[in-house]
Amino acid sequence: MTDQSLTKDNASSIPSEGVGEPFANKNTSFADKIRNTTKMLSIDLATLPSPGKRGDYPAISIPEELHRKSLEALARPTDGKIDEVHKRQPILSDAALMEHLSAPPSKIKMKKAAREANTSSKRSTTPRSGGISSSLKQIVRIHSPDLIWISEPMIHFSNSFCTRLRLRMMSTDAIHNSTNTRKGNIWLLWKDSLPRPVVISSSTQAISVEVDNSIVTGVHAHVLTINRRDLWNQLIPISQLNKPWLLIGDFNAVLRIDEKKGGLLPKANAMSDFWECVNTCNLIESQSTGIKYTWCNNQIGHRRILCKLDRAFFNSAWSNHFGNWSIKALTRSKSDHSPLVGSTTSIPKPHNAPFRFQKMWLTHTKFLDTTKHSWDTPIAAGNKATRFAYKLKRLKEHLKWWNINVFGDINQKMQNLEKVVHQAMQESDDDPDNLDKLSHLLQSQRDLDVISSQYDTFIGQKAKIKWINEGERNTRYLHTSIKVRRNNNQILQIIDDDGRMWSSQPDIKANIVKHYEEKFKKTRSDNVPSLLTVIPKSISAQDNTILDTIPPKAEGGLGLVRLEILNKALLSKLMWRIYTSKENWAKFLRAKFQSRCGNWINYYKQSSIWGGLRWAISNMKDHLGWIIGDGKSINLWSDTWCSTVPIADMIDLDSNILHLKGKVSDLIVDGIWSIPLNVADILNSAGININSLPPPSMDNDTLVWKPSLDGCYSVSNGINLYREKLQKPAWPAKIWRHCIHPKRSVIAWKILSGCCATDARIQSRGIQLASRCFLCHSDGEDDRHIFWDCKFVVDIWTWVIDLFGFRRPLDPLNFNNLVECATNRSAAIQDLWTAAITYVITEVWLHRNSCVFENKRTSSHRVKQKILANFLECSILMKSDMHNRVSDLMIFSSLKIIPRPVVSSVIHECFWIPPAIDQLKIGCDGCSRGNPGNAGAGIVLRDHRGSTLGAMAVGLGICTNFVAEVLAILLGLEWAKNLGWTNIWVTSDSQAAIRCFIDNKVPWFILTRWNSVKEGIRTSFSFVFRETNFAADTMSKRGAYLPLGTKESFDYRPTFLSVENPDSCYYRFS
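See below:
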């Protein structure tokens, strides 16, 4: 801030017309011009020009002595400012500023003005109601201060003047910095119940007094920066007294640029000096409410200047002694300054203070034990998440109790240990030869060090300062940081919805509660269906379907899941646990919601969860199946156990039969089927062959979830089941590659999904818009034009294709045609080419937006440079390898990125190994045309001489490759067992299928058959390469063309089948 902009008493310049040469300098005051002339006494004031205006008041410079005598006679100070400090009452500081009360007429004689002033003084000894006395009385009456600071009173001090003020309960004495030759600019008044404050220091810019072992400094700083430096130097010794200290008043400087409005910018060196003083003295700025700018020059228009000159500071000791302390700047009334009212703010600690874990607890020897004891105590709750939540809540309460009763108050422990160390040191010094006393001293010092370390940890965590090195003592700094943050976080004033201001804590609390009660209060709203017809239907049915579906990434989505679908999947998960769990809560729910015959009830029952469970039961019914054990848990008619659907859904049954407690166990006697004739007739009428029923295992019945291979329900299974399926496009698998940054992939997804706000799409929403391409300036802009057909974009596509050395694909140009350009190239080149396509369309879209919204000019060179820059990111993310070719190396060189490693092909020798004597080797393979698609299984049987004993091709219908591989192994084992072989060696080129049988974790739908076939035989499983399993591969491909369940078997080697030769070597390239 400039020194000139802070001057509050600049006189207006006097026009020079008609006054001669002595008045030619307009910057010289009128009084100075009078002093410089010998004709001063002969000048008639009536002939002088009219005075200029200072704000709304006339101002004229007159001799200082005459001005002083007039003010004393009138007992009306012109400019005044009051800073009052209340130390013991809730109000700690007030400040009031008085202004010029009487305005002299524009044209009077100087002698006449002085004469009238003296006359007025003789008539009345009490200032008028509009003067300083009325304002002081009002402040004292409202705030009842302990101390009152008056800055810049503009009159000489006199005890008679203080007596005439008649301030209630205030002393008639005062402390000031007036001298015989100079008016004082700082006065201090205090309550008569207090002893006279002791003056510590006094100067023209500040007075410091000590009251009740606390120091209070009243400040009225000089307007010049160089003079204010004397004040800053005077404050430093006071800060070293280490007593509670408060500074309040007019500092005539700002701390921040935003604290001044209008005029020139604040001076950087003035703010720097101010900040240096604040930091050197370790002062904390008091939080301020009310008027932001405490001073105004009372001008209008562009000449108006506002500043925050008046403020208060205090040190940490003051904050410890008086608590939360703040000031309020009142409105400016009779002065260009705002009065300051300082007070302590009593903010009670909330009863529901949040729990905070203290790092210092970790240093206690018993902390881990008490935590483990609380955590290991069992809780009677079935759900793991519920148990975890209850344990956390219990541990929190336990740690609160432990902190109070075991760990103790860290401050009190430190004080006690300091006394113990002091006493032990004295005792050891008195008797230095006593080793016990020395040992006691050392132990006490170690205990004090531990407590001090805990205290430092506690203060550091509370201050939230993370950059301080551990082990360094920064207690004073941390304390100050805590107080500054606490001071800044206080809510001292709010303005309600009606514009009223509230500053007391009860009022603030009541208004905040009222605000949120009104905000969340339920209001009734009437639905008006006719308004729905006014809303335009800007989204087509296709767009609405896409928005509702939210497909996974493979189907063109972002991989998000609708909450509705997720809720259904989770409900099904809960229902699955009710079906399968043996815990008491599941048994209770089954008993509550099932009838006596074991069926789920279909009527209303008061329950908060039955509605969701009933939905889950109806939707899961068709996907549940049973693996027969002893049949005691399987309902004969309503469960799926011998077909794909329950028997009750296949034929019409008598209602009396359905309500019977028929169980599958009723049809099993001594581990074999014993089906009555009437039940056999029902099964035959449903198309079930009783002779093909799997033999019961006589173990526990197993409920399975048919859509999964392992027979267990999972949330992912449910999501995939309940969501709507869409056709899989080709581009999602390309743009979501690992080598492309997700940010670019999202923009590419938006483009290829047709979600960009092109002109054509905006017009389709019913918005009238003149369409124009901002890249080539042609008429019309849609997805096809802006990304593929625009002349601007065609030039970029040509440049990218030439950069890779590819041949331009045939028109029309699109994403799929461009991807095919990298067919049969290395994985690294395919990654780079896919990234290049993604970068082109994304950078073109971003460039188009910059032209539309930022008014930038089109530049293909800028787009090309950004595309090249993106390849560096791609080279870091990609993991694929390049071929050992010159063409690959040239592409990496043109893109200016580091080439990827070259992995040479490795040649492996493979042999077909015949089985041992009396051992049968089964070559198995499965294939699926489409995965899933039409599938087939191929089996080839060979003995130890390499002779082909049989070959089989089986049609499996629609299934995946994995299911086909597993079924091929199972079919081969069943065929070999039926032929009488007991020592069987199974080979397959599917590691996953082989691992299933080795680990005995086969899919649920073949579990019964696997358990049946493995009894009585000895099996071994091996993984072989495809190069030595081509005979079974040939049979599987033949079976893929057969209908479901059709078998084509040979007990010899068919002519079309070539088998592996034991004496030949086969080669595998990898």
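Under the UniProt record's numbering, the first residue of the sequence shown carries the number 1, and numbering increases by one thereafter.
From the three backbone atoms N, C-alpha and C, an ideal C-beta is built for every residue, glycine too.
Exposure label - residue i; buried when at least 16 CB within 10 Å
| i | result |
| --- | --- |
| leucine 399 | buried |
| tryptophan 1010 | buried |
| leucine 560 | exposed |
| aspartate 681 | exposed |
| glutamate 854 | exposed |
| alanine 935 | buried |
| methionine 890 | exposed |
| valine 293 | The sequence shown places tyrosine at residue 293, not valine. Buried. |
| alanine 770 | exposed |
| serine 158 | exposed |
| valine 528 | exposed |
Residues near residue i in its chain [Cβ-Cβ closer than 8 Å; skip 5 each side]
| i | result |
| --- | --- |
| arginine 394 | Ser374, Thr377 and Ile379 |
| valine 421 | Leu441, Ser444, Gln445 and Leu448 |
| asparagine 469 | In this prediction, asparagine 469 scores a pLDDT of 49, lower than 50, which makes its location untrustworthy; no coordinate-derived value is stated. |
Residues of its chain near residue i, where Cβ-Cβ distance is below 6 Å and the 5 sequence neighbours each way are ignored
| i | result |
| --- | --- |
| arginine 1068 | His908, Cys910, Phe1025 and Glu1027 |
| glutamine 443 | none |
| leucine 803 | Ser894 |
| alanine 686 | Ile647, Met650 and Ile651 |
| arginine 1038 | Ala953 |
| arginine 808 | Ile801 |
| arginine 900 | Ala828, Asp881 and Met882 |
Straight-line Cα distance separating residue j from residue i
| i | j | result |
| --- | --- | --- |
| glutamate 152 | histidine 220 | 8 Å |
| glycine 711 | serine 887 | 51 Å |
| proline 354 | leucine 392 | 14 Å |
| phenylalanine 357 | tryptophan 576 | 39 Å |
| arginine 942 | isoleucine 922 | 7 Å |
| threonine 225 | tryptophan 361 | 51 Å |
| serine 714 | valine 906 | 41 Å |
| arginine 784 | leucine 813 | 9 Å |
| serine 214 | aspartate 433 | 46 Å |
| isoleucine 994 | glycine 972 | 13 Å |
| glycine 218 | methionine 501 | 29 Å |
| threonine 533 | alanine 541 | 17 Å |
Contact test: residue i Cβ vs the ligand NAD heavy atom, cutoff 8 Å
| i | result |
| --- | --- |
| tryptophan 149 | You won't find the ligand NAD in this model; it holds no ligand whatsoever. |
Extent of the continuous beta strand (DSSP E) to which residue i belongs
| i | result |
| --- | --- |
| lysine 1047 | 1047-1050 |
| threonine 758 | Taken as a continuous stretch (DSSP letters only), threonine 758 belongs to no beta strand (DSSP E), as it is neither H nor E. |
| lysine 328 | 325-329 |
| aspartate 925 | 920-929 |
| isoleucine 984 | 983-988 |
| valine 198 | 198-202 |
| leucine 703 | 702-705 |
| aspartate 250 | 245-250 |
| threonine 1019 | 1018-1023 |
| isoleucine 215 | 214-220 |
| glutamine 490 | Looking at the DSSP string, glutamine 490 is not in any beta strand (DSSP E), and its letter there is neither H nor E. |
| isoleucine 1006 | Counting along the chain, isoleucine 1006 falls outside any beta strand (DSSP E), and DSSP gives it neither H nor E. |
Residues near residue i in its chain [Cβ-Cβ closer than 7 Å; skip 5 each side]
| i | result |
| --- | --- |
| phenylalanine 792 | Leu775, Cys776, Thr858 and Ser860 |
Residue nearest to residue i in terms of C-alpha spacing, selected from the options
| i | options | result |
| --- | --- | --- |
| lysine 864 | Ala569, Asn416, Phe815 and Leu846 | Leu846 |
| serine 1049 | Arg446, Ser875, Ala976 and Arg995 | Ala976 |
| asparagine 327 | Asp258, His302 and Thr289 | According to the sequence shown, residue 327 is isoleucine rather than asparagine. The candidate whose alpha carbon is nearest that of isoleucine 327 is Thr289. |
| alanine 616 | Asp639, Gly631, Ile634 and Tyr579 | Tyr579 |
| asparagine 324 | Gly631, Gln287 and Ser208 | Gln287 |
| isoleucine 609 | Trp912, Lys568 and Lys632 | Lys568 |
| leucine 265 | Cys307, Asn227 and Phe274 | Cys307 |
| phenylalanine 458 | Tyr1052, Ile410, Ser333 and Pro339 | Ile410 |
| serine 201 | Glu210, Ile917 and Gly980 | Glu210 |
C-beta neighbour in chain D for residue i, strict 9 Å
| i | result |
| --- | --- |
| leucine 810 | In summary, chain D is missing from the structure at hand, where a single protein chain is found. |
Continuous alpha helix (DSSP H) stretch holding residue i: start and end
| i | result |
| --- | --- |
| asparagine 584 | 584-593 |
| cysteine 874 | 860-877 |
| aspartate 173 | Careful: aspartate 173 lies outside any alpha helix (DSSP H) and carries neither H nor E. |
| asparagine 678 | 677-685 |
| arginine 945 | Counting along the chain, arginine 945 falls outside any alpha helix (DSSP H), and DSSP gives it neither H nor E. |
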